[in-house]
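Chains as they are written, first to last, in the numbering used here: chain A, 1 to 335; chain B, 1 to 335; chain C, 1 to 335; chain D, 1 to 335.
There are 4 protein chains.
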Amino acid sequence: MIGLGRMGAAMVRRLLRAGHRCVVTDVRREVVEELQSEGAVGAFSLEELARQLQAPRAVWMMLPAGVVDDALERLVPLLSAGDTVIDGGNSYYHDDLRRAVQLRARDLHYVDVGVSGGVWGLERGYCLMIGGEREPVRRLEPVFAALAPGVEAATRTPGRDGSPSPAEQGWLHCGPNGAGHFVKMVHNGIEYGLMAAYAEGLNILHHADVGLHRHDTDAETTPLRNPEDYQYSFDLPEVAELWRRGSVIGSWLLDLTAHALRGNPELSHFSGHVSDSGEGRWTQAAAIDEGVPTPVLSSALNQRFSSRGEGDFADKLLSAMRFEFGGHLEKKGGG
Amino acid sequence: MIGLGRMGAAMVRRLLRAGHRCVVTDVRREVVEELQSEGAVGAFSLEELARQLQAPRAVWMMLPAGVVDDALERLVPLLSAGDTVIDGGNSYYHDDLRRAVQLRARDLHYVDVGVSGGVWGLERGYCLMIGGEREPVRRLEPVFAALAPGVEAATRTPGRDGSPSPAEQGWLHCGPNGAGHFVKMVHNGIEYGLMAAYAEGLNILHHADVGLHRHDTDAETTPLRNPEDYQYSFDLPEVAELWRRGSVIGSWLLDLTAHALRGNPELSHFSGHVSDSGEGRWTQAAAIDEGVPTPVLSSALNQRFSSRGEGDFADKLLSAMRFEFGGHLEKKGGG
Amino acid sequence: MIGLGRMGAAMVRRLLRAGHRCVVTDVRREVVEELQSEGAVGAFSLEELARQLQAPRAVWMMLPAGVVDDALERLVPLLSAGDTVIDGGNSYYHDDLRRAVQLRARDLHYVDVGVSGGVWGLERGYCLMIGGEREPVRRLEPVFAALAPGVEAATRTPGRDGSPSPAEQGWLHCGPNGAGHFVKMVHNGIEYGLMAAYAEGLNILHHADVGLHRHDTDAETTPLRNPEDYQYSFDLPEVAELWRRGSVIGSWLLDLTAHALRGNPELSHFSGHVSDSGEGRWTQAAAIDEGVPTPVLSSALNQRFSSRGEGDFADKLLSAMRFEFGGHLEKKGGG
Amino acid sequence: MIGLGRMGAAMVRRLLRAGHRCVVTDVRREVVEELQSEGAVGAFSLEELARQLQAPRAVWMMLPAGVVDDALERLVPLLSAGDTVIDGGNSYYHDDLRRAVQLRARDLHYVDVGVSGGVWGLERGYCLMIGGEREPVRRLEPVFAALAPGVEAATRTPGRDGSPSPAEQGWLHCGPNGAGHFVKMVHNGIEYGLMAAYAEGLNILHHADVGLHRHDTDAETTPLRNPEDYQYSFDLPEVAELWRRGSVIGSWLLDLTAHALRGNPELSHFSGHVSDSGEGRWTQAAAIDEGVPTPVLSSALNQRFSSRGEGDFADKLLSAMRFEFGGHLEKKGGG
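This is the structure we're talking about:
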């Protein structure tokens, strides 16, 4: 395991618990030592890591997408034919396709694994979306099984009997190289949409008291026609908790939302500048290449851009146009 | 209980299981008799229903939104001061506000309850979003508790200890009249967004093989620049199953999606004309009145309209414009 | 003419130029006197206005939507059977329908006129969208013709020969009461979409130099993959000017945009908090009632709400969820 | 001029009218001969074309984006140092960047020109967005000036006096290589948004008679609450014509829309499967790379995808989910 950040370290711990031997390394000496003390074999260089693994090696990288190529360049000369490199980070699947070709030229295998589970994965297990050749993936099955949540993490889908399939255990060989990160990319695209759906709905509840507030009554602003319909002061932490049981919209993201609101109903320690990682963007790029409509996922991504002020110039243009045609100063209405 | 349709009948059964006495009626004699045979008290008219209940009565209507006012008109004269009428259907909360005023004038209570759970509620329990005065709601607590899933339906949110709150049991007094259906309305608005997020994401996976197909190469169509990146044939039933365990996007809707895909991966028995009930529309209307942005929920609703062909004239206009400025015939590109 | 604001006063001037006799009033004495000095008949009360007009009177109100009902209440008792009241402001067409019924009960006519043209109308003429009964509309034709731009304001549409229709002159009897404001409402809905299209496109050009800037390279942010493709520093005032001639996207709004950018390329005196008047919202409400998809118009309205910070709580929720599942602090990425 | 399709042939004619000498070629012998008869110098091969032009040559390609690279490969060996190749088609600006480097290695210049104007350009002139090095662009100025509409094509923007800038004449050197096609790409992205805004608005008017029709009254469908508000039968060709004069939304696209509706108000000869060319997609890709929100432009593109049925599988998934949780058969409502 190369890279012992939040995700990497927890995955090692889950593997150790399952009885796997793990050789671990990281640029930060102290995290290596910490995992050493928990039973992992520490390595303080890639050379040491390679030496401590027996061929055919399986080297799992859990690194920021931006440094994977550098790591590969240093790692590959240390490996021997038949070894497998696993990229479990958030790489773009285009990079997987390129790297797989490069490694194949040296008789190395490349397996891309999209890992979902976040900081909770140590306890819950990780959902693993896997791309690569059949043979190295098969060899890694025990590792995937140990990392994955296992079938008991959810009730079985009616109609699925007998021995649980890998997907039912929480890992799946999705297809050839890139397939793992492709599925993970779309997973994150969906995640954006789900998050936005909850956030927008709760925001409607948050503003359901708008009829209680006095409003500007300047000539150009249309007043709320029916303030009597917006007199509700909802208790959002309770509503989020309520929906967790029995409703159609129960989900793990809702569980987390209920937790977040419970701790701080006004979310006052957040600024609302929402980051987006590569996956949401790449999902859009894929949808555009395929020519399939994704109005909801596009909207979710655009809203994140907006939240960071990237639409400010466009907004100023709107105000400028309104001034031009109607003499409207900002904060006034009309057309 | 007035109205023994899919939802009403199942709710009676759940109440009977919990030991509640239920007087039931419906325009269809046979469904009344069926529930009679299961332990309910049958009534074959509203008069009979009113007679068999002791004051203060609690009359729960589980009727299509369009017939509630008619039923109320016939029911109210049969009730006495202090009785409570509960509307558990999908009424617009504007109607709740109006009806509550009308009933209050006759010393009757009105309680609006948004019920989520669908056909699964008998076993899973129902999530109940409740609006109305404090007193009649308090009197109904045992009923709500019997219908709701109970705290064990989900792991408790960290930080919530001691005796579970009503919300943790799956029912909540959300506020004054209309509050129940308001929260249910937004719940359904969110539901549309969630559903669309999964559907769009899975559609991207469904079309990830677009590079395998030959494409029109007429002069005006831009060819797919990188067909080698779209060579994946994903097994959607397995992917949906996979995401159920350990991933960030696990949810009950995903459970259902996995089930639906398992049975028919191509969904060939659906046409894709997606209905929308009132709640999705009303959610938008509320957002507009409040002036809060809901790009994702708006998009989800718009896509449902599109799926039913309601945008066809607009699409024809686009083709007509393209023909006008570029001489483009349909199915050709350009600008 | 009741109401001598920006629009009302200019319309009187245009009518005076065309030789019409105008009796004018306003709560501000000085604007009445100013128009008096330009040839209008001043009135300093509604009574005086009614007295100075001969039956059948035509009283044109050019008032903020919020005060029309008050004005009508005071005006109606002063009128006689057969008189016509014209509402040329930005009323909701629902109000037109109600008012027309009320006035008809007193043998008065009500005509609703949606007026477009803004501060430029005095010179350009006003585009008039008219709703009401046939007879009073016919009587007002000379007034409409004087206010409208006339056929020479645009080249005639090929295939339209002979005597120009009213629509070709810039005014149209669109249908019964409410039809005028309905068409104006949709006109403004379209306007929002057009404005947003320009603003978003120009914003893309504005940020086309993103590859020239250094970017955060923390572990969680995906770097721009191809900075070499975003090295353009476009001169937006020149680009907007360029598109005014010969391009497919030439329009009056583009003319105004070119003017605004010419004066202040960075638009630094605007904050970007974009107002929305009632029409954009009502357009959405109509689309929802009709069940027709309006993804672009919905998006344009939602973006205006966002520009004013009404989505902030939703954005905070997104950040809170990201923190919950991934330990992400704001301004970092991942999934 | 290589490529005498709809655009190329018309551009040659416009150049001939302005007194320019044009050597023309095309794979179709007859179109070469036709232009020969109109005064152009015909060439029946690239070799002949190169021979007939004097160095430094200016070779303008007006070809489908998909065949430009092939043409360049055959053309380049025939050119000499200092010659300029102009790509006036709809190339992706990424390709411009690549080609410019390739040509520079052989001391050739590459100029990319985005051309807007469509089939009307011969009379109206072409709007030219130009990218490339300063020197070859300067040499081509007379050509650009002849193709462009000229300053008289629109009233001058207030504040612009004196000798008209190139942008005011309808052509602009936007920046280095790729800048021309970048600006044209965004131009088309805006075009999609504008078109959709008109189409959606007119569709709302088209359905404003929805209250006149009887509706399904099955239990699960929410009826239109206020059919009395949707009783309008608008005359769309007249409304489109009306808006052309004096309104805020006048534009060339509206002129075309009025023409299209005039000829066929129901647009019955269009199917509504709307094509999209590369530019709309590339605009989105650029916005995503830059991280700027484009909710309106995204929506417009997504709607085109939807119009061609590319969202069908997603729609089926929605129906399938509705069936799963609510037992809803398609065409029924609920939640």
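Where a beta carbon is used, it is the ideal one built from N, C-alpha and C, also for glycine.
Because the structure is a prediction, the values reported are computed rather than measured.
Beta-carbon of residue i versus every beta-carbon of chain B: anything under 8 Å?
i                     : result
residue 281 (chain C) : yes
residue 123 (chain D) : no
residue 274 (chain C) : no
residue 265 (chain A) : no
Mind checking if residue i is an interface residue toward chain D, Cβ cutoff 8 Å exclusive?
i                     : result
residue 34 (chain B)  : no
residue 270 (chain A) : no
residue 314 (chain B) : yes
residue 259 (chain B) : yes
Measure from the C-beta of residue i to each C-beta in chain A and report whether the shortest distance is under 8 Å.
i                     : result
residue 253 (chain B) : yes
residue 335 (chain B) : Bear in mind that a pLDDT of 36 at residue 335 (chain B), under 50, signals an unreliable position, so the number given afterwards is only what the model happens to contain. Chain A contact via Cβ: absent.
residue 6 (chain C)   : yes
Give me, in chain order, the residues of the same chain whose beta-carbon lies closer than 8 Å to that of residue i; leave out the 5 immediate sequence neighbours on both sides.
i                     : result
residue 281 (chain C) : 301
residue 134 (chain B) : 173
residue 153 (chain A) : 124, 125 and 170
Show which residues of chain D have a CB atom less than 9 Å away from the CB atom of residue i.
i                     : result
residue 337 (chain C) : Only positions 1 to 335 of chain C appear in the structure, and residue 337 (chain C) is not among them; the question remains open.
Three-state secondary structure (DSSP) at residue i?
i                     : result
residue 7 (chain C)   : helix
residue 65 (chain C)  : helix
residue 219 (chain A) : Low confidence applies here, because residue 219 (chain A) scores a pLDDT of 48, under 50, leaving its location unreliable; read the following figure in that light. Residue 219 (chain A) falls in the coil class under three-state DSSP.
residue 185 (chain D) : helix
residue 37 (chain A)  : helix
residue 335 (chain C) : Confidence in residue 335 (chain C) is poor, its pLDDT being 36 and thus under 50, which makes the residue's placement unreliable; the coordinate value appears in the next sentence. In the structure shown, residue 335 (chain C) sits in coil (DSSP, three-state: anything other than H, G, I, E or B).
residue 233 (chain D) : coil
residue 294 (chain C) : coil
residue 110 (chain A) : strand
Leaving out five residues on either side along the sequence, give the residues of the same chain with a beta carbon under 7 Å from the beta carbon of residue i.
i                     : result
residue 228 (chain D) : 211
residue 198 (chain A) : 253, 254 and 257
residue 311 (chain B) : 305
residue 303 (chain D) : 196
residue 298 (chain D) : 284
residue 115 (chain C) : 7, 88, 126 and 128
residue 219 (chain B) : Below a pLDDT of 50, predicted positions are generally treated as unreliable, and residue 219 (chain B), at 48, falls in that range; no measurement from the model is reported.
residue 175 (chain C) : 131
Find out if the Cβ-Cβ distance for the pair residue i, residue j is shorter than 8 Å.
i                     : j                     : result
residue 22 (chain B)  : residue 1 (chain B)   : yes
residue 194 (chain B) : residue 194 (chain A) : yes
residue 164 (chain A) : residue 245 (chain B) : no
residue 137 (chain D) : residue 111 (chain D) : yes
residue 308 (chain A) : residue 269 (chain A) : no
In chain order, what residues of the same chain lie with their CB nearer than 6 Å to the CB of residue i, ignoring the 5 residues before and after it?
i                     : result
residue 262 (chain D) : 237
residue 168 (chain A) : 151
residue 90 (chain D)  : 65
So which residues on chain C does residue i lean against when the C-beta distance must stay under 8 Å?
i                     : result
residue 310 (chain D) : Neighbours of residue 310 (chain D) on chain C: none; closest Cβ ~15 Å, over 8 Å.
So which residues of chain A does residue i contact, with C-beta pairs closer than 9 Å?
i                     : result
residue 119 (chain C) : 324, 325, 326 and 327
So residue i contacts chain D; which residues on that side make the cut at Cβ distance below 8 Å?
i                     : result
residue 302 (chain A) : 293, 294, 295 and 298
Establish whether the CB of residue i and some CB of chain C are separated by less than 8 Å.
i                     : result
residue 306 (chain B) : yes
residue 358 (chain B) : It is not possible to answer for residue 358 (chain B), since the shown part of chain B is limited to 1 through 335.
residue 321 (chain A) : yes
Starting from the beta carbon of residue i, find every residue of chain B whose beta carbon is closer than 8 Å, and list them in chain order.
i                     : result
residue 285 (chain C) : 285 and 288
So if I threshold CB-CB distances at 9 Å, which residues from the segment 230-253 of chain B count as touching chain F?
Going by chain labels, chain F is absent from the structure shown, which instead holds the protein chains A, B, C and D.
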